[in-house]
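Enquirer: So that we are looking at the same thing, I have put the structure below in structure tokens.
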Amino acid sequence: MNLFLCHHYDASALYVYNRFRRWGLSSLYIITPEELLTARKWQHLVSTDKVSTAVTLQNGLHIDFYEVNRIFNRLQLLEHPFWKKAPLQENEFAHQELTSFYLSWLYSLNSKVFNRPSAMGLSGNYLTPLQWKDIALKAGMAVSPDMPDMQTPTPYQRQLIVFQQKVYGPFISKQINTACIQLAQQTGHELLSFSFRQDENGKWLFHNASSFPDLTAGGDALLKHIYSTFLN
Amino acid sequence: MILLCGIPSESPVEKLSDELDILGIPYLMLNQRRFESASLDFDFSGGQINGTLKYEEKEFDLSSFTGIYTRLIDWQQLPEIKKAKDAAAARQHCRDLHDKLYQWIEITPAKVVNRSFAMASNSSKPYQCQIIREFGFSVPETLITNCPEEVLAFQAKHGKIIYKSISGIRSIVQVLTKEDEKNLSRIRNCPVQFQQFIDGFNVRVHVIGEEVIATCIDSDATDYRYAARQTGENAVLRPFDLPPDIAQRCINLTRHLQLSFSGIDLKFTPDGSICCFEVNPSPGYSYFENNTQQPIAYTLARYLSRSGR
Numbered sequence: 001m002n003l004f005l006c007h008h009y010d011a012s013a014l015y016v017y018n019r020f021r022r023w024g025l026s027s028l029y030i031i032t033p034e035e036l037l038t039a040r041k042w043q044h045l046v047s048t049d050k051v052s053t054a055v056t057l058q059n060g061l062h063i064d065f066y067e068v069n070r071i072f073n074r075l076q077l078l079e080h081p082f083w084k085k086a087p088l089q090e091n092e093f094a095h096q097e098l099t100s101f102y103l104s105w106l107y108s109l110n111s112k113v114f115n116r117p118s119a120m121g122l123s124g125n126y127l128t129p130l131q132w133k134d135i136a137l138k139a140g141m142a143v144s145p146d147m148p149d150m151q152t153p154t155p156y157q158r159q160l161i162v163f164q165q166k167v168y169g170p171f172i173s174k175q176i177n178t179a180c181i182q183l184a185q186q187t188g189h190e191l192l193s194f195s196f197r198q199d200e201n202g203k204w205l206f207h208n209a210s211s212f213p214d215l216t217a218g219g220d221a222l223l224k225h226i227y228s229t230f231l232n
Numbered sequence: 233m234i235l236l237c238g239i240p241s242e243s244p245v246e247k248l249s250d251e252l253d254i255l256g257i258p259y260l261m262l263n264q265r266r267f268e269s270a271s272l273d274f275d276f277s278g279g280q281i282n283g284t285l286k287y288e289e290k291e292f293d294l295s296s297f298t299g300i301y302t303r304l305i306d307w308q309q310l311p312e313i314k315k316a317k318d319a320a321a322a323r324q325h326c327r328d329l330h331d332k333l334y335q336w337i338e339i340t341p342a343k344v345v346n347r348s349f350a351m352a353s354n355s356s357k358p359y360q361c362q363i364i365r366e367f368g369f370s371v372p373e374t375l376i377t378n379c380p381e382e383v384l385a386f387q388a389k390h391g392k393i394i395y396k397s398i399s400g401i402r403s404i405v406q407v408l409t410k411e412d413e414k415n416l417s418r419i420r421n422c423p424v425q426f427q428q429f430i431d432g433f434n435v436r437v438h439v440i441g442e443e444v445i446a447t448c449i450d451s452d453a454t455d456y457r458y459a460a461r462q463t464g465e466n467a468v469l470r471p472f473d474l475p476p477d478i479a480q481r482c483i484n485l486t487r488h489l490q491l492s493f494s495g496i497d498l499k500f501t502p503d504g505s506i507c508c509f510e511v512n513p514s515p516g517y518s519y520f521e522n523n524t525q526q527p528i529a530y531t532l533a534r535y536l537s538r539s540g541r
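One line per chain: the protein sequences are A and B, in this order. With the first letter of the first sequence counted as 1, position 207 gets the number 207 in the numbering used here; the numbers rise by one all the way through. With the first letter of the second sequence counted as 1, position 184 gets the number 416 in the numbering used here; the numbers rise by one all the way through.
Structure, rendered in structure tokens:
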């Protein structure tokens, strides 16, 4: 069994799912956070010697995660329909509890998961825009002079994706490609997107990076690379 | 100079600032409640990030801070936000200041107690338990479920079980009683963490850099922090000599989690094993120091004042 964990509005993940099916991956199920959050039964056991997890969804599908071959993980935000109606404080508590639980569960499946979770994010390590800027400067890139705003991201003009030391997307320069690969290696990211803006002199400036990219931005070449990694 | 971030009257912050005063180590107390007089600005020219903190009409180059101790509370809880004349502007300013502060703390070359990414492992106790196991400690058998029948089966296996929050949000550890069993259907919409009850005595280990200060807690309470409420008697705390190999394991675990200051909760069981419950990345150490006079704030002050990351 192979699982795609993604939000129903994650167009990028759905695109990848369809490609993977077209390329022959069978026994592939999409499971949304809503299905997981409203599951009939969860059982996650952690002890000194082992960790095991099983879930039974409302539709009766029972998944023992020991038997799952691969998981393509795109989980980010967990919003339980039941708790959305609760007072804010209770809703926030439930949100924290559920996120903490899912982190433990996904972490226990580490070797099988594409987009491994970290304590900073269910689908990978989250770095702040200032952290990315700091790392980009240390990698020798020119950066945009404005202070990144975490709440209202500013637009970019070009996006590159690095996956396992290969660059996908529009060509900007060899120097930028090398720096992007170096930066991904340095931060321990297998998959990373980089956005750039051009200044008034036409110079490309590093804008931001993300470990949760729009996977369609790298075209089928990127998806085929991800597919072969996912299978092996 | 050392930068303290938080509320000056909060006990761990107050104890540290008192100790810095005694030692004559210069520091700046950035009081969150005075956020209106503070701002942070960055400059990205020259191939590096430079910054300035303006606070109470003084300016500080961010590179002048060589040590940082942070006990920031959620800025949205600050009473001054609610009292502000222009609430929208105050919220905006406060949010921007905290966003910038959190981001800068992650990248500064200063010694930081502790960075957010390092503290994050404690946001999920069962996740952290999986890391703890790798350092030779046993962990209590833990079940997270939304199924009442599974809880009862788990209880039948272990006899006495407790429940507590999964996340870093503080909860009072409670034994599952007959009365609680009647309410088990409430877990359907949010899985809850249950744990086998471990018998033995509690030891809190504070690791500061490479130094270890251990405290034994004598109490019959399920959660000794609430001993008076749970048993009618306060817990009795005393200094404890930690075996050197256990002390080293605590240092290694703290280092692995990239923390420079931690509060590790251990239980020494009657059969001689040592169970580790969690690693607290922002320990409220003052409770232990007040009861034992162990020099935790002193060690922390010295640690922060030493050069090097």
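Built from N, CA and C at the ideal position, the CB exists for glycine as well. Owing to the predicted nature of the structure, the values given are computational and were not obtained by experimental measurement.
(1) Which residues of chain B have a Cβ atom closer than 8 Å to the Cβ of A119(A), listed in chain order?
(2) Are the CB atoms of Y156(A) and N208(A) within a distance shorter than 8 Å?
(3) Under DSSP, the alpha helix (DSSP H) around R290(A) begins and ends at which residues?
(4) When you check each C-beta in the segment 404-423 of chain B against every C-beta of chain A, which residues fall closer than 8 Å?
(5) Below 7 Å on C-beta distance, what does F101(A) contact in chain B?
(6) DSSP puts P358(B) in a beta bridge; with which residues?
(7) Give the range of the beta strand (DSSP E) segment to which W204(A) is assigned.
(8) What first and last residue would you give for the beta strand (DSSP E) that runs through C237(B)?
(9) So, under 8 Å CB-CB, Q425(B) and I364(B) are touching, yes? Tell me the CB distance rounded to an integer number of Å.
(10) Got a sec: is the Cβ-Cβ distance from H80(A) to anything in chain B below 8 Å?
(11) At what residues does the alpha helix (DSSP H) containing M120(A) begin and finish?
(12) For G400(B) and E510(B), I'd like the C-alpha separation in whole angstroms.
(13) Taking one C-beta from the segment 513-528 of chain B and one from the segment 438-455 of chain B each time, how about it: are there three or more such pairs within less than 8 Å?
(14) For the segment 418-481 of chain B, which segments carrying the alpha helix (DSSP H) assignment without a break, of at least 4 residues, lie completely within its bounds, in sequence order?
(15) Could you give the DSSP three-state label for G495(B): helix, strand or coil?
(16) Got a sec: is the Cβ-Cβ distance from Q308(B) to anything in chain A below 8 Å?
(17) Please find out if some non-hydrogen atom of the ligand FAD comes closer than 7 Å to the beta-carbon of K396(B).
(18) Taking 8 Å as the threshold (beta carbon to beta carbon), is F509(B) in contact with chain A?
(19) I need the DSSP call for G283(B), collapsed to helix, strand or coil.
(20) State the start and end residues of the unbroken alpha helix (DSSP H) segment that holds I337(B).
(21) Would Y259(B) be called buried (16 or more neighbouring beta carbons within 10 Å of its own) or exposed?
(22) With a threshold of 7 Å on Cβ separation, who are the neighbours of Y456(B) within its own chain once the five nearest residues in sequence on each side are excluded?
(23) Please check if any C-beta of chain A sits within less than 8 Å of the C-beta of C230(B).
(24) Within the continuous alpha helix (DSSP H) that includes C180(A), where are the two ends?
(25) Residues of chain B with a CB under 7 Å from the CB of Q76(A): which are they?
(26) With D134(A) and I281(B) assumed to form a contact (beta carbons below 8 Å), what rounded beta-carbon distance in angstroms separates them?
(27) Is the Cβ of R365(B) closer than 8 Å to any Cβ of chain A?
Expert: Let me lay it out:
(1) Within 8 Å Cβ-Cβ: F349, A352, S353, S355, S356, Y359.
(2) In this structure, Y156(A) lies closer than 8 Å to N208(A) by Cβ.
(3) In the structure as shown, chain A begins at 1 and stops at 232. Residue 290(A) is therefore absent and cannot be evaluated.
(4) Listed in sequence order: N421, C422, P423.
(5) Result: I376, I398, P423.
(6) The partner list for P358(B) (beta bridge, DSSP) is empty, contrary to what the question assumes.
(7) Going by DSSP, W204(A) is part of the beta strand (DSSP E) stretching over 204-210.
(8) Here the beta strand (DSSP E) through C237(B) covers 234-238.
(9) Between Q425(B) and I364(B) the beta-carbon gap is near 15 Å, outside 8 Å, which marks them as no contact.
(10) With 8 Å as the cut-off, H80(A) counts as an interface residue toward chain B.
(11) DSSP places M120(A) in no alpha helix (DSSP H); its state is neither H nor E.
(12) Straight-line Cα distance between these residues: approximately 10 Å.
(13) Short answer: they touch.
(14) Listed in chain order, the alpha helix (DSSP H) elements of length 4 or more contained wholly in the segment 418-481 of chain B are 459-463.
(15) DSSP, reduced to helix, strand and coil, places G495(B) within a strand of the structure shown.
(16) With 8 Å as the cut-off, Q308(B) does not count as an interface residue toward chain A.
(17) Judged by which ligands are present, the structure shown has none, so any question about the ligand FAD falls away.
(18) For F509(B), not one C-beta of chain A is nearer than 8 Å to its own C-beta.
(19) The answer is strand: DSSP assigns G283(B) an E or B state.
(20) Residues 319-339.
(21) Per the 10 Å Cβ criterion, buried.
(22) Setting aside the 5 residues that flank it on each side, Y456(B) is surrounded in the same chain by N434, I449, A467, each with a C-beta closer than 7 Å to its C-beta; the list follows chain order.
(23) In the structure displayed, chain B extends from 233 to 541; residue 230(B) sits before or after that span and is not available.
(24) Start and end: 174-186.
(25) Close partners of Q76(A) in chain B (Cβ separation under 7 Å) are lacking, with about 15 Å as the shortest Cβ gap.
(26) Under the criterion of beta carbons closer than 8 Å, D134(A) and I281(B) qualify as touching, at roughly 6 Å.
(27) By this cut-off, R365(B) is an interface position.
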